[in-house]
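Residue numbers (my numbering): 18 to 221.
Just so it is clear, CB atoms sit at the ideal spot from N, CA and C, and this is done for glycine as well.
Since this is a predicted model, take the numbers as computed values, not measurements.
Let me begin by presenting the structure, written as structure tokens, before commenting on it.
Laid out in structure tokens, this is it:
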């Protein structure tokens with residue numbers, strides 16, 4: 018069964034996000050960062066619009082729903098890390114090139130313009146900006162794009178609650194490594210200036 022339609026308020030908000038840049042601006046300015054004070058959540062887009070907060074997974078779901086409204090398939094890519102949390106991107110193509118929208122409290126892990134020829138190119142643009150509090154560069158692998166239409170039957174966009182099926186699926190599918198062990202051993206710690214710059218606007 019297809020997921021129920023968004024209500025008028027929700028649809029008005031999402032249809033107003035008529036470009037990927039507007040989707041990113043909405044996530045940055047209108048949606049706070051979900052610090053999960055009452056325990057872990059995976060809000061549906063409907064719940065994010067209601068609560069006004071989202072972490073990266075939830076933000077990616079909202080972005081995918083908004084991008085779908087303007088004609089893009091709802092695609093997510095999972096970025097897998099070590100000694101750090103994974104990050105999730107809503108990805109899209111424009112003119113044959115890949116771009117992304119993302120929610121993060123690290124400024125360097127948000128959107129990318131559609132200028133990347135492949136998903137790997139897009140993913141690698143995040144590498145230098147993906148680090149943990151200890152200053153380690155932690156990005157190690159990425160998934161193929163997952164089309165969320167496969168979850169329409171569970172009402173992923175408008176469920177009154179969490180949609181754990183999606184992050185569980187992202188964790189279960191194969192990921193492509195971006196580094197081998199010799200590369201990992203050669204990695205330097207984050208430059209202090211880039212580290213500080215990435216934390217500007219944290220928890221926006």
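Residue i: buried (16+ other C-beta within 10 angstroms of its C-beta) or exposed?
| i | result |
| --- | --- |
| residue 189 | exposed |
| residue 6 | In the structure displayed, the chain extends from 18 to 221; residue 6 sits before or after that span and is not available. |
| residue 104 | buried |
| residue 207 | buried |
| residue 82 | buried |
| residue 202 | exposed |
| residue 215 | buried |
| residue 213 | exposed |
Using 8 Å for Cβ pairs, my map puts residue i next to residue j. What's the rounded Cβ distance?
| i | j | result |
| --- | --- | --- |
| residue 98 | residue 139 | Not really, about 16 Å apart at Cβ, beyond 8 Å. |
| residue 143 | residue 114 | About 16 Å; that fails the 8 Å criterion. |
Over what stretch of residues does the alpha helix (DSSP H) that includes residue i continue unbroken?
| i | result |
| --- | --- |
| residue 215 | 209-215 |
| residue 186 | 182-189 |
| residue 29 | 25-32 |
| residue 39 | 37-46 |
| residue 62 | 62-68 |
| residue 202 | 198-203 |
Note the first and the last residue of the continuous beta strand (DSSP E) segment covering residue i.
| i | result |
| --- | --- |
| residue 116 | 114-118 |
| residue 131 | 129-133 |
Identify the residues that DSSP records as bridge partners of residue i: which are they?
| i | result |
| --- | --- |
| residue 96 | 104 and 159 |
* Can we say the region 92-103 touches the region 53-65, given the rule of at least three CB pairs closer than 8 Å? -> no
* Asked: Just checking, does the region 181-195 make contact with the region 79-89 on the three C-beta pairs under 8 Å criterion?
  -> no
* On the three-pair Cβ rule with 8 Å, is the region 156-176 touching the region 42-51? -> no
* To do: Evaluate the contact criterion for the region 66-80 versus the region 113-128: three or more CB pairs, one atom per stretch, below 8 Å.
  => yes
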